[in-house]
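Written below as structure tokens is the structure these notes are about.
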Amino acid sequence: MFNYILRRILLMIPVLLGITVVTFAIINVAPGSPIEQKIQQMRFGGVGADGGGNAGMSNSSKDSAISEEVLDALKKQYGFDKPVHIRYWIWLKNISKLDFGESFTYEEPVLDVVSSKFPVSLQFGIVSLLMSYLICIPLGVIKAIKNGTKFDMLSSVVLSGMYSIPGFMLGIILIVFLAGGAFLEWFPVGELYSDEYYDMTLWEKVLDRTHHFILPLISYMISQFTVLTLLMKNSLIEEIKKDYVRTARAKGLSEKVVYLKHALRNALIPIVTGIGSFLAVFFAGSLLIETIFQLDGMGLLGYQSLLERDYNVIMGLVFIQSLIMLVGNLISDLCYVLVDPRIDFS
Amino acid sequence: MLTTKKIIAILTLAVLSISTLAVGSPKAVKGGTFKYNLGQAPTTLNPLSSTDAYASSVQAYIIEGLADRNPETYEWQPLLAKSWEISKDGTEYTFTLRDGVKWHDGKPLTVQDVKFSFDAIVDPTNKYKTAQIKPYYENIASADIIGKNKIKFVAKKKYFKNFDVVAGLSVVPKHIYENPTEKQQKKLNKTLIGTGPYKLDGYRRGKHITLTRNKSWWGAKDSKRAKEYNFGTILMRFVKDGTVAIQRLQKGDLDFNGLTVEEYERKTSGPQWGKSVFKVKTQNKAPTGYGFIGWNLKDKLFKSKNVRVALYHLLDREKMIEKFRFGMSLPATGPLYVQSIYANEKVKPILYNPKLALKLLRKEGWADTDKDGILDKMINGQKVKMSFTILEPNQEFVKYLTIYKEDAKKAGVDINVKFVEWNTFIKKLDERSFEAVRLAWSGGSIDWDPKQVWHSSSATASGSNFISYSNPKVDKLIDEARVELDQNKRVVLLKEVYKQIADDVPYAFFFNEKYRFYGHSDRLKREKDTYQFDLGLNYWWIKK
């Protein structure tokens, strides 16, 4: 087992190298670099893809040609005076010292930028993960036991309804109806806490955060909820049909013992596959929901870095996310062994 | 001897002349918190290296220039400089600094700060990462201190905007920015020290920025400035989504929010509107942009002016305005918003007229010879079809082009609309690998300089004249206008430029906006809906 884990960890190195080389190549081949972003800002006054139906670029009334001197200065400023492979090498060397470079847009170290967005994503990640497992697994089990009954059908209708609503759309609907001031005013609109937050007592702070947390959380969770519940249900039903369950029943065991002791453990295997991805909660983020609820999280950061060709941030995000994904997969595999004695890596 | 009548007349005149200079309501009161939507968090606040509009909105409250524009007259008025002189040939500008101005950290403003602010931008080693603002200052040779509080800027050549560039220079504290330690350097993107009416009070990433009124601001003691900047605190939120911003305005989380025409018409009704929150439709002369379809003039299809006019006649702008813009736009007539003093009112818009379009196309030899519904013509021995692609960088605008596509199809013109991601779009523009593009220019400056877009010298690879427009007469007039310091004479020259360009039909121009729209809370009071060239938020106040 130890050997297996060690082998897997060593394998991560070439995989990570591969991922970063490919990403580095792609972002360098794609049109638009940080330099070109700045040049565009100079030429067109900083109006980019967001430039609305109305305006696209600004007519800033200056000579349009950008002098060589300015171009050189820019290239040097961002390290683009060196060829791609040298830049990758420098990046790699810095990574070994855990230096991800500086964000072109924010003018601060990539790690600072990423970690400043961490808390937002982390709390949504953790809570939605816990909530979905705590609710989905029991719900899936009950649905499987009561398969075909009114409860099962009704809950399936509700679940598929939930699945068909995109999270961001639900977010807007929730704000308009429950927080906007035009209908009900039960919740605050967006953000993670009130303006008065810093003058509050600890208890008030907790309440305030929870109050702000509910609507975005619902929007975050809405779609994964259905998938996980139905996965649990179907997996359990599949398991119940198997011979060993029939044998257990034939032995005269109670339904409760048959379901919960015998079938459930095996039915959990597909769910366990997802366990490793719990690490991804560090990077949970949804661009649209973050935009609607004004949460400054990872989704928004990733999207904007791509738009602004903030290479260092993109590379930093890809590296950390890939690493987490690889470690997560390893953990998933190890969980298999725990759940299913038939699997043996050694 | 002065008679009483004369004295009254002189006094009235004096009062009038002061009131035309000083803007703002006598009813204005100081204090209160103004909750404002910045739209998005600025990336960095450092005035030397920042590039985004959000940062400049924050800096506008904190950092001052040598002079600024009066929102009513658009004349330059003293700010950090109490006066200035311009040399006869218009290439030297000597500013005299105001006395007693202090930085927010208590240190006095000196003429060295002004010099540093300029030198930092043009620094050849690019020490202060200012490459992005360098192009604006390329025409200014030097800034020389010529007295205790006097500084002289010398321009390389005559150009009517030179003064604007130096007068608008953001003056930053030398003692903060010149040689920061590594530790200080890290803070520069989150802090701001200026001389302005507000101090940066707090910056919570992902939450808001708060500014508080600078009690020792020099302007508070200046009779002409005393009615400005009335809010005690400004809380800047970062609400990007339009619907959410309106909800927050309704709720009182915001006091002011700009509106689009669609929001004004469709999303601003409900029990609170007209009671606790109000919407305003107003006109002012601040520059507005225009959208366009630009024809690649090097492309064989669009070389003929008749073809361009015909394609313009197939563009049903009135229907688009009716359908998507609630009748609140005007069909544009030329390369500048029609309300500008430089726009030529004699130029009439080219309106939808499919019959005339067909007539013009036939005149140019376009006919449907193979009866496939698309016009064709023999060019250089080859049969060419009247079929082309318009590149579009904005998904939202595709609906406008769909109308165009449908109408054109009826006339035998085959138009494809292709949505292209922004960076790829720019690349295609630079490589000139397009037939037609849909894009928009934003308003720019009130004083128009068409060189960037319309001069043939701007048709370089990275230039803004990507459609390769070239008219020697227009070039000559633009060159003349750029060195003409008398605005009235410039108006004459540029009105001619406007007419010439409109006559050449290099673009199919879309719309000019008739109005500006905004919503505000009932706490927010103002003298009037708008000033001549600005909404004038700086003169509004919060009801006690």
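In order, the protein sequences belong to chains A and B.
Everything in the first sequence is counted per our numbering, starting at 1 for the first residue and increasing by one.
Everything in the second sequence is counted per our numbering, starting at 1001 for the first residue and increasing by one.
The beta-carbon is built from N, C-alpha and C at its ideal position, and this holds for glycine as well.
Computed from a prediction, not measured in an experiment: that's the story for all the values here.
Residue interval of the alpha helix (DSSP H) (run including His-85 of chain A): On the first sequence, residue 85 of chain A is found 85 positions in, with the first residue counted as 1. 84-96 is the span of the alpha helix (DSSP H), which, as asked, contains His-85 of chain A.
Interface flag, Thr-1110 of chain B vs chain A, CB-CB below 9 Å: Position 110 of the second sequence holds residue 1110 of chain B. False, the Cβ-Cβ gap to chain A never drops below 9 Å.
Span of the beta strand (DSSP E) around Met-200 of chain A: As a position in the first sequence, residue 200 of chain A is number 200, starting the count at 1. No beta strand (DSSP E) contains Met-200 of chain A, which DSSP labels as neither H nor E.
Per-residue burial, Gly-1147 of chain B [other beta carbons within 10 Å of its own, 16 or more giving buried]: For the purposes of this step, residue 1147 of chain B is taken as residue 147 along the second sequence, with counting starting at 1. By the neighbour-count rule (16 or more Cβ atoms within 10 Å), Gly-1147 of chain B is not buried but exposed.
Which listed residue (B:Tyr-1264, B:Ala-1436, B:Ser-1223, B:Gly-1381) has its alpha carbon closest to that of Lys-1298 of chain B: By one-based count along the second sequence, residue 1298 of chain B stands at place 298. Per the Cα distances, B:Ala-1436.
Distance, Thr-105 of chain A Cα to Lys-1427 of chain B Cα: Numbered from 1 along the second sequence, position 427 holds the residue referred to as residue 1427 of chain B. Numbered from 1 along the first sequence, position 105 holds the residue referred to as residue 105 of chain A. Their Cα atoms are separated by approximately 21 Å.
Host alpha helix (DSSP H) of Gly-1242 of chain B (start-end): If you number the second sequence from 1, residue 1242 of chain B lands on position 242. Its alpha helix (DSSP H) spans residues 1242-1251.
Residues of its chain near Lys-1276 of chain B, where Cβ-Cβ distance is below 6 Å and the 5 sequence neighbours each way are ignored: For the purposes of this step, residue 1276 of chain B is taken as residue 276 along the second sequence, with counting starting at 1. Note that residue 1276 of chain B is Ser in the sequence shown here, rather than Lys. Around Ser-1276 of chain B: Asp-1522.
Closer than 7 Å at the beta carbon, the chain A residues around Phe-1238 of chain B: The sequence position of residue 1238 of chain B within the second sequence is 238, counting from 1. Under a criterion of Cβ atoms nearer than 7 Å, the residues of chain A adjacent to Phe-1238 of chain B are, in order, Gln-294.
Gly-171 of chain A beta carbon less than 9 Å from that of Ile-115 of chain A: For the purposes of this step, residue 115 of chain A is taken as residue 115 along the first sequence, with counting starting at 1. For the purposes of this step, residue 171 of chain A is taken as residue 171 along the first sequence, with counting starting at 1. One detail in the question is off: residue 115 of chain A reads as Ser in this sequence, not Ile. Not a contact, by the Cβ cut-off of 9 Å.
Euclidean distance between Cα positions of Ser-1464 of chain B and Phe-1425 of chain B: Translated into the one-based positions of the second sequence, residue 1464 of chain B becomes position 464. Translated into the one-based positions of the second sequence, residue 1425 of chain B becomes position 425. Answer to the nearest angstrom: the Cα atoms are 13 Å apart.
Candidates A:Gly-274, A:Leu-288, A:Phe-293: closest to Leu-330 of chain A by CA position: For the purposes of this step, residue 330 of chain A is taken as the residue at position 330 of the first sequence. The candidate whose alpha carbon is nearest that of Leu-330 of chain A is A:Gly-274.
Where Ile-1062 of chain B sits in the DSSP three-state scheme: By one-based count along the second sequence, residue 1062 of chain B stands at place 62. Helix.
Cutoff 8 Å; reference Ala-1440 of chain B; Cβ partners in own chain excluding five residues on either side: The residue you call residue 1440 of chain B lines up with position 440 of the second sequence. Within its own chain, the residues whose Cβ lies closer than 8 Å to the Cβ of Ala-1440 of chain B, once the five positions on either side in sequence are excluded, are Gly-1289, Tyr-1290, Gly-1291, Phe-1292, Phe-1510, listed in chain order.
Exposed unless 16 or more other CB atoms sit within 10 angstroms - verdict on Tyr-1159 of chain B: On the second sequence, residue 1159 of chain B is found 159 positions in, with the first residue counted as 1. Looking at its Cβ environment, which holds 16 or more other Cβ atoms inside 10 Å, Tyr-1159 of chain B is buried.
Meets three-Cβ-pair contact criterion under 8 Å: the stretch 307-315 of chain A and the stretch 124-141 of chain A: no
Within-9 Å CB hit, Asn-1126 of chain B to chain A: Counting from one through the second sequence, the residue named residue 1126 of chain B turns up at place 126. Judged by the 9 Å Cβ criterion, Asn-1126 of chain B is in contact with chain A.
Whole-number beta carbon distance between Ile-1350 of chain B and Leu-1192 of chain B, since they are thought to touch under 8 Å: For the purposes of this step, residue 1192 of chain B is taken as residue 192 along the second sequence, with counting starting at 1. For the purposes of this step, residue 1350 of chain B is taken as residue 350 along the second sequence, with counting starting at 1. With a Cβ gap of about 48 Å, Leu-1192 of chain B and Ile-1350 of chain B do not count as contacting.
Partners in chain B for Ala-25 of chain A, counting only beta-carbon separations shorter than 7 Å: Locating residue 25 of chain A in the first sequence gives position 25, counting from the first residue. Near Ala-25 of chain A there are no residues of chain B at all, since even the closest Cβ is about 16 Å away, more than 7 Å.
N-terminal and C-terminal residue of the alpha helix (DSSP H) that Lys-1499 of chain B is part of: Start at 1 with the first residue of the second sequence, and residue 1499 of chain B comes out as number 499. It spans 1487-1504 - the alpha helix (DSSP H) in which Lys-1499 of chain B sits, taken as one unbroken run.
Reduced DSSP secondary structure (H/G/I, E/B, other) of Met-1386 of chain B: Against the second sequence, residue 1386 of chain B aligns to sequence position 386. Coil, per DSSP.
Cβ shell of Thr-1260 of chain B (< 6 Å), same chain only, five flanking positions each side left out: Locating residue 1260 of chain B in the second sequence gives position 260, counting from the first residue. Here the set comprises nothing.
CA-to-CA distance, Trp-1541 of chain B to Gly-1031 of chain B, given in whole angstroms: For this step, residue 1031 of chain B is matched to residue 31 along the second sequence. For this step, residue 1541 of chain B is matched to residue 541 along the second sequence. One C-alpha to the other measures close to 8 Å.
Per-residue DSSP class, three states only, for Thr-149 of chain A: Against the first sequence, residue 149 of chain A aligns to sequence position 149. DSSP places Thr-149 of chain A in coil when its eight states are reduced to three.
Straight-line gap, Ile-27 of chain A to Ser-33 of chain A (C-alpha atoms, nearest Å): Here residue 27 of chain A corresponds to residue number 27 of the first sequence, with the count starting at 1. Here residue 33 of chain A corresponds to residue number 33 of the first sequence, with the count starting at 1. Going by the C-alpha atoms only, they are around 8 Å apart.
Buried/exposed call for Arg-265 of chain A, threshold 16 Cβ in 10 Å: Taking the first sequence and counting its residues from 1, one reaches residue 265 of chain A at position 265. Exposed is the call here.
Length of the line joining the Cα atoms of His-1455 of chain B and Asp-1475 of chain B: Residue mapping note: residue 1455 of chain B aligns to position 455 of the second sequence, counting from 1. Residue mapping note: residue 1475 of chain B aligns to position 475 of the second sequence, counting from 1. Between His-1455 of chain B and Asp-1475 of chain B, the C-alpha separation is close to 5 Å.
Which of helix, strand or coil DSSP assigns to Thr-1212 of chain B: For the purposes of this step, residue 1212 of chain B is identified with residue 212 of the second sequence, where counting begins at 1. In the structure shown, Thr-1212 of chain B sits in a strand (DSSP, three-state: E or B).
C-beta contact flag for Ala-1167 of chain B and Lys-1156 of chain B at 9 Å: In the second sequence, the residue the question calls residue 1167 of chain B occupies position 167. In the second sequence, the residue the question calls residue 1156 of chain B occupies position 156. No, these two residues do not count as a Cβ contact at 9 Å.
The stretch 186-205 of chain A in contact with the stretch 290-306 of chain A per 3-pair CB rule at 8 Å: yes
Beta-carbon separation (whole angstroms), Val-1023 of chain B vs Asn-1070 of chain B, contact threshold 8 Å: Within the second sequence, numbered from 1, the residue matching residue 1023 of chain B stands at position 23. Within the second sequence, numbered from 1, the residue matching residue 1070 of chain B stands at position 70. With 8 Å as the limit, Val-1023 of chain B and Asn-1070 of chain B qualify as a contact, their Cβ atoms being about 7 Å apart.
Beta carbon proximity, Tyr-220 of chain A to chain B, threshold 9 Å: Sequence index remark: in the first sequence, residue 220 of chain A carries index 220 (1-based). Not closer than 9 Å to any Cβ of chain B, the Cβ of Tyr-220 of chain A fails to qualify, so no.
Between the CA atoms of Leu-184 of chain A and Gly-1252 of chain B - distance to the nearest angstrom: Residue numbering aside, residue 1252 of chain B sits at position 252 when the second sequence is read from its first letter. Residue numbering aside, residue 184 of chain A sits at position 184 when the first sequence is read from its first letter. About 15 Å.
Local Cβ density within 10 Å of Glu-1431 of chain B, reported as buried at 16 or more and exposed below that: Here residue 1431 of chain B is taken as the residue at index 431 of the second sequence, counted from 1. Exposed, by the Cβ-count rule.
Status (buried if at least 16 other CB within 10 Å, exposed otherwise) for Gly-1294 of chain B: In the second sequence, the residue the question calls residue 1294 of chain B occupies position 294. Buried: at least 16 other Cβ atoms inside 10 Å.
Sheet register partners of His-1520 of chain B (DSSP bridge): As a working mapping, residue 1520 of chain B is identified with position 520 in the second sequence. Beta-bridge pairing links His-1520 of chain B to B:Phe-1256, B:Phe-1278.
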